[in-house]
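Peer 1:
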Amino acid sequence: MLILSRKKDESIIIDDKIKIKVIDIDGNRIQLGISAPESITIHREEVYLEIQEENRMAALEKVNLSELAANLKKGASQKKNKKGE
4 MLILSRKKDE SIIIDDKIKI KVIDIDGNRI QLGISAPESI TIHREEVYLE IQEENRMAAL
64 EKVNLSELAA NLKKGASQKK NKKGE
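One rule links them: number in my numbering = place in the sequence shown (from 1) + 3.
Below, the structure written as structure tokens:
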């Protein structure tokens, strides 16, 4: 892990694409501004861990393929009926 010290309004650049700037420091709370391409997803760590857990749980769920196929057919026929109205 790289450890850097930065003061308010100072920044770091990662891979010529991501800029992290210290916006404000208030006691033990630091506000960071992050500039990155839209293709890069940025999450707070606790949100990222929740997403990973939800994905893990979804991958473990059993899927009833017959029910899924019936729902897909039902949705397709409802779309077709709405277009014909």
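Using N, Cα and C, we set each Cβ at its ideal position, and we do this for glycine too.
Is any heavy atom in the ligand ZN found nearer than 7 Å to the beta carbon of serine 38?
Peer 2: The model depicted lacks the ligand ZN and carries no ligand whatsoever.
Peer 1: Restricting to Cα atoms, I'd like to know which of Lys76, Leu71 and Lys24 is closest to glutamate 13.
Peer 2: The count along the sequence shown starts at 1 and reaches residue 13 at position 10. Residue Lys24 is the option with its Cα nearest to glutamate 13.
Peer 1: Can you give the Cα-Cα distance for glutamine 81 and glutamate 53, rounded to whole angstroms?
Peer 2: On the sequence shown, position 78 is the one that residue 81 refers to. On the sequence shown, position 50 is the one that residue 53 refers to. Distance between the alpha carbons of glutamine 81 and glutamate 53: 35 Å.
Peer 1: What is the DSSP secondary structure of isoleucine 45, counted as helix, strand or coil?
Peer 2: Here residue 45 refers to the residue found at position 42 when the sequence shown is read from its first residue. Isoleucine 45: coil per DSSP, three-state reduction.
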